[in-house]
Every structure is written in structure tokens, then in C-alpha cells.
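J.:
Put into C-alpha cells, the structure is as follows:
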């Protein structure tokens, strides 16, 4: 009887610790999901719970295959802890850009860059170790591990792009006190052009001292109508588009975006008498990413409700149906959509802005 009780107790203890490993596997990646949903406090609690459980499991399963898994889980929870710090820093930066909150930009960007570098390195190591232990682990656990590997893989690319972006943000945001202005081209790929689509509308995006000052969107024809004199177009534009003159709307003709950007800047300066610090090309893929964060928006001038699912359909309709190529009405649709979208972005909650930032970084080239 005594031996049976001992065996039963050992079995219960072993089963309890084994179940603990199973639960840790099932929780793999959940804190990251909570961070994506901007539920930071819940993420912190789950990370703390996982770390405590992982440390208990590590002692019990030391120097075993299961112990190796638990060590990896502990590394994952440490990475997730760094991601919490990153999200909080990004929130501060978001608040400064959109809501004029006062922060120490340089300190926050330095902190973000440091954490991103650490996370990028550690995530790569964890991904390799997870793929290694997957080969011998019980089959019933593999779906949970696969989810974790997938979650980690997605975040490696995101973290890498974010880290590259932090190096140029001070210049982009005008942290030196000088106003920075960027010409944003709203390109519609329903009418093909080399850099992403026909330039139906444009906007001027202004930053100063880390704050978004303004974003004015206009139809490209308003600018083109102010061009003085005649600009001879490339032979291909005359042949394929039937245009006798060259304007900003067709300035993105060259396949090289930097070269097309120079041509666009030249036309913008001649037409509007303004210089800009750079050119940004935005196509429907970027707009779709924005709509994924904002949700459906209503464009009053066209009485249309636009969301990520019908964006291409509506863009195609206003590009082709009843409108000749390069028509003003088509440009007006893009302008109306852009203006409404910017208004929605300006009113986004912090969680939605984080999702927007993730989406934009994901499509960044």
C-alpha cells in the first residue's frame, strides 16, 4: 500500500509538471497577441505568470528534453517583456506625433533602437531552437509550437524594419526644429504606371519637432492647371497616352522611383512654387493597410462606404467605368478618399494607431 501511494504521488507530481509544460506551450505567443490588441496590462500579467511557471518547470525538468523546451519558453517570455517596453515607447512617440504630447524624443528613440536590436538577435536564436525541438516533441504539442514559430517569424521581419526606420526618424520628423515637408503621391494601380499607378491626387505631409503639422490633399489637376508654358513629354507618353504636354500627373513614368521622384518634384515646384524634402509613393496596398486599422470609412462626396474588402473594386470602378483615362472625376474620388482617411487616422485611438504603424511597416519598401 505504501509503495502504491508513493507511485501515485510521484505520478501526480510528474503529471502536474507535465501539464504545466503543456499549458506553457499553449500560452506561447499569447502575450504578443495581447500587445497587438493594446492590452498591455493583461500582457504584463501573462508574461509574469509564464515566467514564474517556466522557472518552476525548469527546475523540475533540468537536463532533459522537456527542460530544453522550458528554457526556450523562458527565453520567449523575456523577449515578450522587452516587447512590452517597446510598445510603451512607441505609444509615447505616437502620442507626441499625433497628440502633441511632450516627450524626450532622442531618449525614446535610443531606447527603442536598443531594444529592437536585442529583440531581433534573441528572436532569431529562439526561432532556430524552436524548430530544432519540434522534431522530437510529442505530436499533440506541435500545433501550439508551430503557432509560436509562426508568431516569432512574423515579428523578426517587423522588428528588423522598425529598427532600420528608427535611424532616419529624427530627420523625417524634423527633430532639429526645421520643418520637413513631403510630397505624398496617391497612386491608383488600376491605371498602371511604373512606380505604382496613376497619380490621381497628392498631399503635402508636414512635420516639425516630431509633430505632425498638417496633411493637405488635393487633386493633381489643380496643380497641373497652374503649369506655365509647355513641357515636351517623352515620346512614349505621346505615343501611348496621346498627351501633347507633360504634367505632374504623368511624371512617374520612369521605372526608377528615385528618378521619377525627381521629375515629380520638378513639376511640383514649377506648378505650385514650393519645394519639398522628399517624395512618398502610396498605392492601394498601403491604403488597404490603413483601412485595416481604421475600419470602414464613408466618403461623403461619392456616398460610398469604403473598406479593405471593396477598396479595389471601387477604385477600379472610378478608374474605368464611364471615365476616360486620367479623368478629373477619377482624381476627385482618390482625393475624397484620401482626405477622409486622414481625418479617420487623426482620430484613431492609441491601439488602432499601433496597428496602423504595424501595417505600414509591413508594406514598407
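Residue numbers (full-length UniProt numbering): 1 to 365.
Every residue gets a Cβ at the ideal spot worked out from N, C-alpha and C, and that includes glycine.
1) Indicate whether the contact test is met: 3 or more Cβ pairs, each with one atom in the segment 260-274 and one in the segment 222-232, closer than 8 angstroms.
2) Under the three-state reduction of DSSP, which class applies to residue 218: helix, strand or coil?
3) Judging by CA-CA distance, which residue of 212, 222 and 286 is the nearest neighbour of residue 97?
4) When burial is assigned at 16 or more other CB atoms within 10 Å of the CB, is residue 318 buried or exposed?
5) With distances taken between CB atoms, is the gap from residue 388 to residue 359 smaller than 7 angstroms?
6) Starting from residue 180, trace the beta strand (DSSP E) in both directions and tell me its first and last residue.
7) Measuring CB to CB, does residue 205 end up less than 7 angstroms from residue 338?
8) Would you mind sorting residue 179 into buried or exposed? The rule is 16 or more other CB atoms within 10 Å of its CB.
9) If distances are taken between C-alpha atoms only, which option among 45, 281, 194 and 105 comes closest to residue 81?
10) Skipping 5 residues on each side, what residues in its chain have a beta carbon closer than 8 angstroms to that of residue 79?
11) If distances are taken between C-alpha atoms only, which option among 248, 88 and 85 comes closest to residue 219?
12) Is the beta carbon of residue 253 sitting closer than 7 angstroms to the one on residue 231?
13) Rounded to a whole number of angstroms, what is the C-alpha to C-alpha distance between residue 366 and residue 314?
14) Pull up the distance between the alpha-carbon of residue 262 and that of residue 300, whole angstroms please.
15) Specify the secondary structure class of residue 269 as computed by DSSP and reduced to three states.
16) Grab me the residues of residue 189's own chain with a C-beta within less than 7 angstroms of its C-beta, minus the 5 sequence neighbours each way, in chain order.
17) State the Cα-Cα distance for the pair residue 343 and residue 280, rounded to the nearest angstrom.
18) Look at the alpha carbon of residue 192 and the alpha carbon of residue 258, and state the distance between them as a whole number of angstroms.
19) Within its chain, find whatever has a CB closer than 7 angstroms to the CB of residue 201; leave out the 5 residues flanking it on each side and keep chain order.
20) Using DSSP with H/G/I as helix, E/B as strand and the rest coil, what is residue 298?
21) If we ignore side chains and look at the alpha-carbon of each, how far apart do residue 173 and residue 214 end up?
22) Name the residue from 199, 348 and 278 whose alpha carbon lies nearest to the alpha carbon of residue 250.
23) So, helix, strand or coil for residue 206, using DSSP?
24) Going by C-alpha to C-alpha distance, which of 296, 209, 264 and 244 sits closest to residue 93?
25) Can you grab the Cα-Cα spacing for the pair residue 348 / residue 297, in whole Å?
26) So if DSSP puts residue 304 in a beta bridge, which residue, or which two residues, is it bridged to?
27) Taking the C-alpha atoms as reference points, what is the distance between residue 9 and residue 85?
T.: On the basis of the data shown:
1) yes
2) strand
3) 212
4) buried
5) Past the boundaries of the shown model lies residue 388; the chain is included only from 1 to 365, so the question cannot be answered.
6) 180-188
7) no
8) exposed
9) 45
10) 119, 122, 123 and 126
11) 248
12) no
13) The question about residue 366 has no answer here: the residues shown for the chain are numbered 1 through 365.
14) 34 angstroms
15) helix
16) 196, 197, 283 and 284
17) 19 angstroms
18) 18 angstroms
19) 186, 217, 218, 219, 220, 331, 334, 335 and 338
20) strand
21) 12 angstroms
22) 199
23) strand
24) 209
25) 12 angstroms
26) 299
27) Legend: pLDDT at residue 9 = 34, less than 50; position of this residue unreliable, value from coordinates given subsequently. Roughly 42 angstroms between the two C-alpha positions.
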